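Residue numbers (my numbering): 2 to 504.
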């Protein structure tokens, strides 16, 4: 989920506009990268499969009279499946185009359990758009509630498909649901609302708490940066604010952002660019040059512009144009999903990443009014995030679920919208390391670009990551075994088939 510009693949709620949500991973909650962008790329081994499958999905699950349907894309990977009774791992694609099943640490878990892997694409995103025009009126069916029913329908559809494939009827495999970031929240909410359809859920950096003014996001950036880098970032922000206030818009040209006429849009670009370094485990590429520039008395703004142009835009594939509110008004469906995530932000979950009143890293001009004006400008009157109702419906961090395992990275600003208090029925683990950000448990370090099988060797504390991974697998093992005791998956218990040796 960056700024309210999202959180998508641990792929792709967000930073909202989550830049980095990935289709089938767990790196969401930022602005989704452009289709074909370099953030994740198509490196050899990055995907287990990219072969597309399709099903007919109900458009409105809450209407008894509207029978319209749309085509929903999904993926399956059966190479690890213990035929026919092995579990099915449903990996939820989040707030971006879903381009395949990623070879993250989930692949390692699936192999250990002999599980099939399936990943349905979120409605409206990627190629699963119900409409040819994304007008505000047509977006009214885009919500987490509709998405959860999509998952329930998909679960029924795919179980029947699997039964037909294995020439059997009435069988029900053990299912387990996974997701990261916004899709991590969906994973937790699916277990909450449909406990009979899954043995449990894993919510990696699951942002289950809708937040109106998300000041903790910026506070975490400052904490993760450390004193020297934080001071350099704050001074840079002050210098940029001063140049804008004096009418020196030439500063935008330094960042390749002359097209951003709205100063708030430009400042949001800079805030997201800074935050992504900590969210995805790359703090040094931002902090080292800024701290050095401050010590040497060289131009901080130029040093920051170099980072933004080379890394945020160049390496991560961020689109400067997507920060323009005029761009967000484009109603043509596309592989990129900026308008879609902003609609979810503006109508349901908010995550307005506003500047705290004191000691903020981002510009104070990024306030509540900026976000509300954006929502009104892009979607018109009447689109407003009813955060209290969202949290009333799902429970926020007081979610009354069971058999849900949460995991967060200590440097991830999104963890403050996740469930961090642990309980027996819903254990929550914090991975403590200096570059453990968004969805570290599935993605490894850094969190972007992605690591094959979620390699943890580059984490500052691999043992911390591996310890939490073992705890997660222990919970999955226990809950799948309890499912088997209740009649699911008549094959031998995984508890008798393998031991947790190394991660």
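Ideal Cβ positions, reconstructed from N, Cα and C, are used throughout, including at glycine. Note that this is a predicted model, so its numbers are computed, not measured.
Secondary structure of residue 37, DSSP reduced to three states: Because the pLDDT at residue 37 is just 32, under 50, the model does not fix this residue reliably, and the point stays unresolved.
Spatial neighbours of residue 437 in its chain, beta-carbon cut-off 8 Å, leaving aside the 5 residues before and after: 282, 410, 411, 412, 413, 446, 460, 461, 462, 465 and 466
Where the beta strand (DSSP E) containing residue 214 begins and where it ends: 212-214
Secondary structure of residue 486, DSSP reduced to three states: Reduced to three states, the DSSP call for residue 486 is helix.
Residue 56 - DSSP class collapsed to helix/strand/coil: strand
Residues near residue 253 in its chain [Cβ-Cβ closer than 8 Å; skip 5 each side]: So the list reads 259, 261 and 267, once near-sequence residues are dropped.
Nearest-angstrom Cα separation, counted from residue 56 out to residue 91: Cα-Cα distance, rounded: 15 Å.
Residue 26, DSSP secondary structure in three states: Note that residue 26 has pLDDT 38, beneath the 50 cutoff, so the model's placement of it is unreliable and no number is given.
Straight-line Cα distance separating residue 385 from residue 376: 7 Å
Alpha-carbon spacing of residue 403 relative to residue 145, whole angstroms: 20 Å
DSSP state of residue 452 mapped onto helix, strand, coil: Note: residue 452 maps to coil in three-state DSSP.
Completely contained alpha helix (DSSP H) runs for the stretch 165-222, where each covers 4 or more residues: 183-194
Short Cβ contact (7 Å threshold) for residue 79 with residue 179: no
Residue 278 to residue 422 span [Cα, whole Å]: 26 Å
Exposure label - residue 226; buried when at least 16 CB within 10 Å: buried
Per-residue DSSP class, three states only, for residue 227: helix
Whole-number beta carbon distance between residue 76 and residue 119, since they are thought to touch under 8 Å: 7 Å
Given 8 Å, three or more beta-carbon pairs between the stretch 240-256 and the stretch 330-347: no
Close beta carbons around residue 340, own chain, < 7 Å, minus the five adjacent residues each side: 135, 329 and 331
Reduced DSSP category for residue 410 - H, G, I as helix; E, B as strand; rest coil: strand
Among 123, 271 and 318, the one whose alpha carbon lies nearest that of residue 183: 123
For residue 289, the nearest candidate out of 380, 321, 351 and 231 (CA to CA): 231
CB contact flag (residue 117, residue 82, <7 Å): Contact flag set, yes.
Residue 449 to residue 418 span [Cα, whole Å]: 21 Å
Where residue 117 falls: helix, strand or coil (DSSP): The answer is strand: DSSP assigns residue 117 an E or B state.
Outcome for residue 487 when other beta-carbon atoms lying within 10 angstroms are tallied against a minimum of 16: exposed
Residue 49: first and last residue of the uninterrupted beta strand (DSSP E) it sits in: Looking at the DSSP string, the run of the beta strand (DSSP E) that includes residue 49 is 48-50.
Start-to-end residues for the beta strand (DSSP E) that takes in residue 344: First-last for residue 344: 339-345, but that is the alpha helix (DSSP H), not the beta strand (DSSP E).
Identified DSSP bridge partners for residue 431: 409
With 16 other Cβ atoms within 10 Å as the buried cut-off, status of residue 485: Around the beta carbon of residue 485, 16 or more other beta carbons sit within 10 angstroms, so the residue counts as buried.
Residues near residue 235 by beta carbon distance below 7 Å, same chain, minus five either side: 362
Exposure label - residue 372; buried when at least 16 CB within 10 Å: buried
Member of 407, 420 and 482 whose CA lies at the smallest distance from the CA of residue 472: 407
Beta-carbon proximity list for residue 1, same chain, < 7 Å, skipping 5 on both sides: Residue 1 lies beyond the range of the chain shown here (2 to 504); nothing can be said about it.
Residue 75 - DSSP class collapsed to helix/strand/coil: strand
Beta-bridge partners of residue 353, as assigned by DSSP: 214
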